[in-house]
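Each remark here refers to the structure printed beneath this line.
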Amino acid sequence: MTHQSGIRVSQELADLFTNAVANGDLRIIRVSIINESLVSNGTQNVTGLWDSVREFLDEANPCYILYRLDSKSSSGNYEWLFLAYVPDNAKVRDKMLYASTRASLTKDLGDTRFVDSMYGTAIGYQKHKQHQQAEAPLTQREKELAEIRVAEANANSYSTSARKSHITGIAFPISDEAINAIKSLGKESNFVQLSLDIANEKILLASADKIEIDDLAKSLPTDSPRFSFFAYDHNFEGQNFESIVIALGESEANLTIDKKLETNDPSDLTKSYIMGELHPVSETPVKMFSRPRPPGRRGPGGV
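So in UniProt numbering the end of the sequence shown lands on 303, straight run, no missing numbers.
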């Protein structure tokens with residue numbers, strides 16, 4: 001299910017955007033969460049260019065950018081781009097807050113006003129446009145589905161009851177926030193959970209935390225499904241290992257999945273169980289001894 005923060009657009013921002021749509025006199029509107037409300041804290045007139053977006057971005061503070069394009073809709077109004085900017089240096093709480101507020105902002109201002117949306121940086125959007133203009137491009141949904149299939153083909157599937165994983169049946173795209181959280185796995189957080197938004201047919205970021213392996217089982221909800229990534233740094237027989245377990249979508253996030261697990265009971269995921277899956281004990285086959293041949297029968301002339 002979708003988790004939203006409950007933070008809404010302020011009346012001042014709503015009026016500002018309505019006027020900008022009607023008059024076409026603003027190129028950029030910067031939106032931030034201040035005092036539990038979405039407000040504008042920076043604008044630029046229509047003479048501004050795309051490169052000037054960088055002037056509104058901070059290395060440590062997330063924000064949203066509303067950027068007016070030069071193209072117009074069938075109704076004659078200018079079309080807008082929605083950019084959610086969440087830098088790597090931002091606090092984890094801010095990352096989660098901006099991720100859970102994004103849908104509320106576009107809904108309150110009017111989803112139909114935005115013809116495209118991006119998560120990341122200005123440079124990332126330039127790459128996105130280049131990808132769109134490339135020869136025979138895939139849609140974002142097709143790209144993500146293809147990458148999930150590649151990941152499923154390359155990863156070994158395991159389960160607590162020796163069942164084959166059925167994740168390959170999922171046809172939902174993964175949100176940009178979820179992909180970025182997985183890419184940063186092992187840095188600010190070592191445990192990332194993804195949830196299914198059935199209504200909107202999408203896989204979303206549910207949480208990003210730092211936990212100990214003994215807390216893994218109780219960190220998984222028992223009332224709703226999750227795709228969970230756990231980066232487990234540990235020592236085994238004098239060697240250090242950095243393992244990724246319980247995973248989905250390795251190709252998109254450039255991860256190498258060491259072990260994939262599936263369970264309907266989180267209490268199964270104990271430290272001893274995971275260690276056993278990562279470092280299984282090799283069984284030495286028992287040698288079978290041949291029964292000695294019986295002595296051959298003597299002929300009639302034998303003694």
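Backbone N, C-alpha and C define an ideal beta-carbon position, used for all residues, glycine too.
Is residue i helix, strand or coil by DSSP?
{"i": "residue 43", "result": "strand"}
{"i": "residue 113", "result": "helix"}
{"i": "residue 201", "result": "coil"}
{"i": "residue 235", "result": "strand"}
{"i": "residue 65", "result": "strand"}
{"i": "residue 189", "result": "strand"}
{"i": "residue 307", "result": "In the structure as shown, the chain starts at 1 and stops at 303, and residue 307 therefore has no counterpart that could be examined."}
{"i": "residue 31", "result": "strand"}
{"i": "residue 8", "result": "coil"}
{"i": "residue 88", "result": "coil"}
{"i": "residue 60", "result": "coil"}
{"i": "residue 38", "result": "strand"}
{"i": "residue 194", "result": "strand"}
{"i": "residue 211", "result": "coil"}
{"i": "residue 25", "result": "coil"}
Classify residue i: buried if its beta carbon has 16 or more other beta carbons within 10 angstroms, exposed otherwise.
{"i": "residue 19", "result": "exposed"}
{"i": "residue 73", "result": "exposed"}
{"i": "residue 75", "result": "exposed"}
{"i": "residue 156", "result": "Residue placement at residue 156 cannot be trusted, given a pLDDT of 39 that sits under 50; the coordinates are not used to answer."}
{"i": "residue 106", "result": "buried"}
{"i": "residue 193", "result": "buried"}
{"i": "residue 112", "result": "exposed"}
{"i": "residue 280", "result": "exposed"}
{"i": "residue 177", "result": "buried"}
{"i": "residue 31", "result": "buried"}
What do you reckon, are the CB atoms on residue i and residue j nearer than 8 Å?
{"i": "residue 45", "j": "residue 27", "result": "yes"}
{"i": "residue 352", "j": "residue 205", "result": "The structure shown does not extend to residue 352, since the chain is modelled only from 1 through 303, so no value can be given for it."}
{"i": "residue 189", "j": "residue 86", "result": "no"}
{"i": "residue 53", "j": "residue 67", "result": "yes"}
{"i": "residue 173", "j": "residue 202", "result": "yes"}
{"i": "residue 9", "j": "residue 109", "result": "yes"}
{"i": "residue 90", "j": "residue 60", "result": "yes"}
{"i": "residue 17", "j": "residue 29", "result": "yes"}
With distances taken from CA atoms, which of the options is nearest residue i?
{"i": "residue 96", "options": "107, 106, 84", "result": "84"}
{"i": "residue 22", "options": "79, 118, 197, 103", "result": "79"}
{"i": "residue 233", "options": "103, 77, 211", "result": "211"}
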